[in-house]
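Quick note: the sequence shown uses my numbering, first residue 6, plus one each step.
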Amino acid sequence: MASRRTSQRATAVDPPVDRVEVEEVTPKEAEEKQNYSWDQQWYPVLPLSMLEGSGPEPIKLLNRDLVLWKDDSGEWVCTGGICPHRLAPLARGRVQNGQLMCRFHGWCFKGDGLCAKVPMAEGDDKAEKRLIGTACSKLDSYPTKVRKGLLFVWPHADSAAAAQSEPFVAEELSESPNWSVFDAPASWRVWLEQSWDPSHAPFLHQYALPNFSPELAYPMEPFQVEDLGDEGLSAVHGGYMQSNKGMTAQRRFAPPCANSTSYLYPDGRIVGFNFYFVPLEEGKVRQITTSYFVPSPQQASQKSNLSGNMMQMSKVVLKGRTVGSTDQPKDLRESLVVSLKRRACEKWPELGRIRRGLKIQQLLQGLIGDQDNTVLSFQDSVGLPAVRSGRLRQPQVSQRYGGPATEYLLETPADELVARFGSWVQQRGGGPFGRKEGAGPFASRG
Ligand code: FES
Ligand SMILES: [Fe+2]
Numbered sequence: 006m007a008s009r010r011t012s013q014r015a016t017a018v019d020p021p022v023d024r025v026e027v028e029e030v031t032p033k034e035a036e037e038k039q040n041y042s043w044d045q046q047w048y049p050v051l052p053l054s055m056l057e058g059s060g061p062e063p064i065k066l067l068n069r070d071l072v073l074w075k076d077d078s079g080e081w082v083c084t085g086g087i088c089p090h091r092l093a094p095l096a097r098g099r100v101q102n103g104q105l106m107c108r109f110h111g112w113c114f115k116g117d118g119l120c121a122k123v124p125m126a127e128g129d130d131k132a133e134k135r136l137i138g139t140a141c142s143k144l145d146s147y148p149t150k151v152r153k154g155l156l157f158v159w160p161h162a163d164s165a166a167a168a169q170s171e172p173f174v175a176e177e178l179s180e181s182p183n184w185s186v187f188d189a190p191a192s193w194r195v196w197l198e199q200s201w202d203p204s205h206a207p208f209l210h211q212y213a214l215p216n217f218s219p220e221l222a223y224p225m226e227p228f229q230v231e232d233l234g235d236e237g238l239s240a241v242h243g244g245y246m247q248s249n250k251g252m253t254a255q256r257r258f259a260p261p262c263a264n265s266t267s268y269l270y271p272d273g274r275i276v277g278f279n280f281y282f283v284p285l286e287e288g289k290v291r292q293i294t295t296s297y298f299v300p301s302p303q304q305a306s307q308k309s310n311l312s313g314n315m316m317q318m319s320k321v322v323l324k325g326r327t328v329g330s331t332d333q334p335k336d337l338r339e340s341l342v343v344s345l346k347r348r349a350c351e352k353w354p355e356l357g358r359i360r361r362g363l364k365i366q367q368l369l370q371g372l373i374g375d376q377d378n379t380v381l382s383f384q385d386s387v388g389l390p391a392v393r394s395g396r397l398r399q400p401q402v403s404q405r406y407g408g409p410a411t412e413y414l415l416e417t418p419a420d421e422l423v424a425r426f427g428s429w430v431q432q433r434g435g436g437p438f439g440r441k442e443g444a445g446p447f448a449s450r451g
């Protein structure tokens with residue numbers, strides 16, 4: 006049962022800043038929350054559109070080396086990616102006859118992970134008895150599900166729990182959204198924090214989009230936050246720069262790694278963003294993203310070529326024009342994308358050799374992602390460790406939001422979601438890489 010916690014702000018003048026009333030948590034409740042299992046969750050790993058043939062495709066997830074491949078059922082399965090014989094990477098092997106064959110000495114594995122063949126053991130009863138279909142030679146195998154074009158992996162052997170659980174995918178998305186993927190060298194923690202922190206956009210992302218600039222920023226009003234227990238957090242907030250003044254944003258952290266956000270503008274337009282920050286390994290995430298645009302009623306009535314009320318857009322605006330948005334006819338959108346691809350390939354010829362094809366939105370999304378990375382990777386590698394070690398200063402408890410001491414100074418309404426996110430994760434054991442020694446609510450790069 007999800008516990009609820011809502012901001013209530015005091016009117017007293019002392020202390021000088023408002024405080025959130027935090028519900029009392031009994032030791033038993035605290036212990037139950039700590040039982041949140043970070044590996045018994047669904048994590049998206051790749052869109053199906055980016056998987057080729059039958060694999061094998063290597064992935065990292067929660068520090069594990071895994072491999073995706075199609076077994077004889079024709080479905081994508083996920084197994085451990087290290088051969089039990091001599092530890093060769095199974096991603097260098099090949100799939101034949103619905104089995105994964107190791108490149109080093111040809112051991113073959115089935116989709117359930119059991120070893121089916123050891124070429125050097127044929128005719129050797131003793132070796133075959135020891136190795137074929139036995140626990141000692143079995144690869145770990147992990148449940149998979151496909152939802153809205155994404156392949157999800159449950160990085161735990163308990164398939165019964167996986168069958169009863171559904172991956173989080175925003176309901177409003179179409180059945181096959183246009184997903185973008187890029188891997189980023191910063192932790193799950195700081196990436197999710199930045200997604201809970203809209204106020205950084207006009208500063209860090211200045212000039213990435215025409216309406217992002219420090220001059221256009223203004224202080225945020227307090228958020229309305231709801232704690233959904235193990236279902237995460239939801240928040241409603243208003244604008245933070247002139248171009249989104251008057252809008253109402255719904256922001257949701259859906260554990261273990263999703264942020265689903267929509268902006269509703271006064272004229273009825275909706276822009277939605279869906280992000281996953283998949284914890285590949287400590288200090289590295291895979292960002293899987295899609296976005297959508299719903300025109301205002303007036304825009305919709307003016308456009309005869311709209312095929313539906315909700316259209317996918319390709320995420321990034323170029324000089325005020327959205328590439329692939331609903332306000333251009335389909336053939337124009339396509340020609341724009343083709344022309345942008347051609348120009349990009351002329352400038353960077355190696356882009357033309359990308360095996361999975363060049364997605365223009367991935368290129369453009371990279372600009373904003375790079376801006377994030379410049380700060381986030383610094384936080385990870387320099388800022389947070391410096392506070393934890395005491396070299397910079399001691400961790401601080403927020404006067405406004407209470408909670409555990411953190412590496413940050415979270416004292417404005419715009420900081421509330423980062424503070425709440427930190428408390429949520431702290432209560433559940435420190436994030437996907439667990440709690441480690443040190444100061445702060447995470448004390449881990451996870
Ligand atoms: S290491 Fe895989 S078969 Fe030898
Ligand atoms: Fe950002």
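Don't be surprised by glycine CBs; every beta carbon is placed ideally from N, CA and C.
Shortest gap from the CB of GLN199 to any heavy atom of ligand 2: under 7 angstroms. At the C-beta level, GLY118 and SER78 stay beyond 8 angstroms of one another. If you check the CB distance, MET225 and PRO418 come in under 8 angstroms. The DSSP-derived three-state label of ILE137 is coil. In the pairwise beta carbon analysis, the stretch 154-174 is classified as not touching the stretch 125-138: fewer than three pairs are separated by under 8 angstroms. Here the residues close to ligand 1, judged by CB distance below 5 angstroms to any of its heavy atoms, are CYS88, HIS90, ARG91, ALA93, CYS107, PHE109, HIS110, TRP112 in chain order. If you ignore the 5 residues before and after TYR268, its C-beta comes within less than 6 angstroms of the C-beta of MET252, ALA254, VAL276, all in its own chain and listed in chain order. Residue side-chain check: ASP272 keeps its Cβ at 7 angstroms or more from all non-hydrogen atoms of ligand 2. ASP70 is bridged by DSSP to LYS65. CA-to-CA, the gap between VAL50 and TRP43 works out to about 15 angstroms. Separation of the CB atoms of PRO207 and ALA222 is rounded to 4 angstroms, and the pair is thereby assigned contact status at 8 angstroms. ARG194 counts as buried, since at least 16 other C-beta atoms from the protein chains shown sit within 10 angstroms of its C-beta. Between GLY154 and PRO271, the CB-CB gap reaches or exceeds 8 angstroms. Judged by beta-carbon spacing, CYS88 lies beyond the 8 angstroms limit of TYR147, meaning their Cβ atoms are not closer than that value.
When secondary structure is reduced to three states using DSSP, SER179 falls in the coil class, being assigned neither helix nor strand. Residue state for GLU351 is assigned as helix, using DSSP reduced to three classes. Annotation for TRP112: no alpha helix (DSSP H) segment contains it, and DSSP assigns it neither H nor E. Spatial neighbours of SER164 in its own chain (CB-CB distance under 7 angstroms, excluding positions within 5 residues in sequence) are listed in chain order as PRO148. In terms of CA proximity to SER59, ASN102 leads the group VAL186, ASP70, ARG108, ASN102. Scanning the stretch 229-314 from its first residue to its last, the whole alpha helix (DSSP H) runs of 4-plus residues come out as 302-307.
In this structure, ASP377 has its CB closer than 7 angstroms to one or more heavy atoms of ligand 2.
Bounds of the alpha helix (DSSP H) holding ALA391 are 389-393.
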